[in-house]
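Residue 717 in this note's numbering sits at position 150 of the sequence shown, and the numbers go up by one each step.
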Amino acid sequence: MLKGRHLIEPGNLSLEELERLFVLAGRIETEACLQDACRGKVLATLFFEPSTRTRLSFEAAMLRMGGACLGFAEPGSSSVAKGESLVDTVRTVSCYADVIVMRNPKEGAALLASRYSSVPVINAGDGGHHHPTQTLTDLLTIKRLRGTIGNITVGFCGDLKFGRTVHSLAKTLSRYPSIRMVFISPPELRLPSYITSGMLVKAGIDYLETDQLDKVMGELDVLYMTRVQRERFFNEEDYVRLKDSYILDRKKMKLARESLIVLHPLPRVNEIAPEVDTDPRAAYFKQVKYGMYVRMALLSSILGVESC
Ligand code: CP
């Protein structure tokens with residue numbers, strides 16, 4: 568379905584292609600198929616920024632399908648530390664691997680890599696820009712827990728300025744029918760205007776911006792909590808002032824619908840109190856598992872071995 572294609576941002580996939588990936592991920596989960604589909608294939612993971620879920624779920628996905636993995640988890644252990652450029656790194660690694668998954672702090676780095684790679688490049692996060700496979704994870708989780716992705720009110724809470732998972736998910740949700748979005752953040756961390764006025768307004772999306780989580784809790788079908796992105800702040804003082812702007816706890820959960828789904832791309836710091844973890848509406852660890860299945864679906868599709 569996606570053989571030989573790059574995935575740089577969620578807009579690279581049509582709604583039909585997204586749906587087919589979700590169906591395939593469901594079959595991989597329930598039928599344990601594709602166990603040997605990637606035998607002889609090699610995945611390279613090039614991580615210029617820290618990661619637990621994205622890197623390890625891609626590696627787990629490849630290993631579970633019989634393939635092999637190589638790469639680096641931090642650039643200091645590669646020739647990047649000697650001054651090698653991103654372009655030369657990618658040109659080199661594409662001689663060794665069949666697909667490259669890359670995370671880099673610079674916006675646009677994955678797109679640049681895709682122009683010089685002889686194999687498909689999957690963006691695992693480029694600065695505050697996009698994180699398309701987290702969006703696949705988020706949408707699959709909503710679909711599995713609600714049955715459908717349309718006709719919902721989604722609240723995004725926390726660091727909406729720097730949170731690439733928010734940017735990718737809001738952009739993608741705007742393509743689904745009857746989606747309402749509520750953006751909850753301190754004024755300093757509001758969603759960039761290129762997304763609000765540049766995209767949501769143009770798409771005719773019904774959205775609200777507020778700094779009051781309590782007031783909107785009861786309206787939400789999905790609450791997408793996010794961490795304040797310390798690594799993207801220009802000074803520590805601002806980070807310290809804003810980091811605990813919202814803490815989801817039992818008291819706030821009492822204001823929410825029984826059918827609410829609480830998502831978080833993770834890692835969390837303080838923004839969801841551990842006491843919420845046992846609430847049946849907390850779905851962020853289910854989300855982690857769906858992330859691996861959808862990455863199995865994506866890799867098998869890009870490598871052209873997805874028959875299941
Ligand atoms: N959600 C996410 O991108 O997590 P990691 O930073 O651990 O990969």
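In this text, a Cβ means the ideal position worked out from N, Cα and C, and glycines have one as well.
Whether residue i touches residue j by CB criterion (8 Å)
{"i": "Met-792", "j": "Val-829", "result": "yes"}
{"i": "Thr-732", "j": "Gln-779", "result": "no"}
{"i": "Phe-729", "j": "Ile-751", "result": "no"}
{"i": "Val-660", "j": "Leu-610", "result": "no"}
{"i": "Gly-785", "j": "Pro-744", "result": "no"}
{"i": "Glu-601", "j": "Met-632", "result": "Per the sequence shown, the amino acid found at residue 601 is Leu instead of Glu. Yes."}
{"i": "Ser-867", "j": "Ala-635", "result": "no"}
{"i": "Arg-835", "j": "Arg-794", "result": "yes"}
{"i": "Leu-727", "j": "Leu-756", "result": "yes"}
{"i": "Glu-616", "j": "Pro-672", "result": "yes"}
{"i": "Leu-588", "j": "Leu-703", "result": "yes"}
{"i": "Ala-840", "j": "Asp-816", "result": "yes"}
{"i": "Ala-720", "j": "Leu-787", "result": "The sequence given here has Thr at residue 720, not Ala. Cβ distance < 8 Å, so Thr-720 and Leu-787 count as in contact."}
{"i": "Arg-711", "j": "Tyr-857", "result": "yes"}
{"i": "Glu-586", "j": "Leu-569", "result": "no"}
{"i": "Val-666", "j": "Ile-869", "result": "yes"}
{"i": "Val-768", "j": "Thr-777", "result": "no"}
{"i": "Met-820", "j": "Val-843", "result": "yes"}
Counted within 10 angstroms of its Cβ, other Cβ atoms place residue i as buried (16 or more) or exposed
{"i": "Asn-802", "result": "exposed"}
{"i": "Val-861", "result": "buried"}
{"i": "Gly-695", "result": "buried"}
{"i": "Lys-608", "result": "buried"}
{"i": "Thr-597", "result": "exposed"}
{"i": "Pro-754", "result": "exposed"}
{"i": "Val-688", "result": "buried"}
{"i": "Gly-578", "result": "exposed"}
{"i": "Thr-621", "result": "buried"}
{"i": "Leu-653", "result": "buried"}
{"i": "Leu-736", "result": "buried"}
Chain D within 8 Å of residue i, Cβ atoms only
{"i": "Phe-625", "result": "The displayed structure is made up of one protein chain only, and chain D is not part of it."}
Which residues end up in the neighbourhood of the ligand CP when you take C-beta atoms closer than 7 Å to any of its heavy atoms? Pro-617, Ser-618, Thr-619, Arg-620, Thr-621, Arg-622, Gly-692, His-698, Gln-701, Thr-732, Pro-832, Leu-833, Pro-834
Count Cβ pairs between the segment 676-692 and the segment 642-660 that sit closer than 8 Å; are there 3 or more? yes
Contact between the segment 840-852 and the segment 811-830: three or more CB pairs below 8 Å? yes
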